[in-house]
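Numbering (the working numbering), first residue to last: 7 to 155. All C-beta atoms in this analysis are idealised placements derived from N, C-alpha and C, irrespective of residue type, glycine included. Values in this document were obtained by computation on a predicted structure and should not be read as measured data. Report on the structure given below.
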């Protein structure tokens, strides 16, 4: 009997469809991971900005206790004011109300902290960072104010 052997060929490897599906799944996983990492690092920079704002607030309040007025700018926390009446009363315990090296004058997004005196507002001054947004075009909900911490 002449037996014909039936050869079955088994293909080794993956089909193009399987490879595309695996690459797509890896892409989706990477997107989810990087989005979560961005949120984690974003919270860290926000926390750093809040800490700096608290340090500025403490120094501003100390300045006010000694002089009876609020500083006209954040620079008056580092250097003696030019106004002779205020400079006579300017007596920080450590030589400065805030050492320039102890708190960054730039927020974590490399923008200057904002400070302005207010008249008739709920607070005597405003102190804030625009957060991750560029300048004043940031939305109000992105603004990190000392009064919201």
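Given that a residue counts as buried once 16 or more other Cβ atoms are within 10 Å of its Cβ, and exposed if not, what is residue 136?
Stepping through the chain shown from its first residue, residue 136 is reached at position 130. Flag for residue 136 reads buried.
Assuming residue 133 contacts residue 63 (C-beta within less than 8 Å), just tell me the rounded distance between them.
In the chain shown, counting from the first residue as 1, residue 133 sits at position 127. In the chain shown, counting from the first residue as 1, residue 63 sits at position 57. Taking a contact as a CB-CB distance under 8 Å, the pair residue 133 and residue 63 counts as one, their CB atoms being some 6 Å apart.
Do residue 104 and residue 65 have their C-beta atoms closer together than 8 Å?
To locate residue 104, count along the chain shown from 1; it is residue 98. To locate residue 65, count along the chain shown from 1; it is residue 59. The answer is yes: Cβ separation under 8 Å.
Rounded to a whole number of angstroms, what is the C-alpha to C-alpha distance between residue 97 and residue 123?
Taking the chain shown and counting its residues from 1, one reaches residue 97 at position 91. Taking the chain shown and counting its residues from 1, one reaches residue 123 at position 117. Approximately 21 Å, taken between the alpha carbons.
With residue 80 and residue 121 assumed to form a contact (beta carbons below 8 Å), what rounded beta-carbon distance in angstroms separates them?
Taking the chain shown and counting its residues from 1, the one referred to as residue 80 is at position 74. Taking the chain shown and counting its residues from 1, the one referred to as residue 121 is at position 115. Rounded, the Cβ-Cβ distance is 5 Å, consistent with contact.
Rounded to the nearest angstrom, what separates residue 25 and residue 114 at their Cα positions?
Residue 25 sits at position 19 when you count from the first residue of the chain shown. Residue 114 sits at position 108 when you count from the first residue of the chain shown. Their Cα atoms are separated by approximately 42 Å.
Could you check the C-alpha separation between residue 36 and residue 57 for me, to the nearest Å?
Within the chain shown, the letter at position 30 stands for residue 36. Within the chain shown, the letter at position 51 stands for residue 57. Rounded to whole angstroms, residue 36 and residue 57 show a C-alpha spacing of 32 Å.
Taking a contact to mean a Cβ-Cβ separation below 8 Å, would you say residue 150 touches residue 52 in this structure?
The residue labelled residue 150 in the question sits at position 144 within the chain shown. The residue labelled residue 52 in the question sits at position 46 within the chain shown. Closer than 8 Å, so yes.
Roughly how far, in whole angstroms, is the beta-carbon of residue 76 from the beta-carbon of residue 130, given that I think they are within contact range, below 8 Å?
As a first step, residue 76 is located in the chain shown; it is residue number 70 there, counting from the start. As a first step, residue 130 is located in the chain shown; it is residue number 124 there, counting from the start. Contact holds; Cβ gap of about 6 Å.
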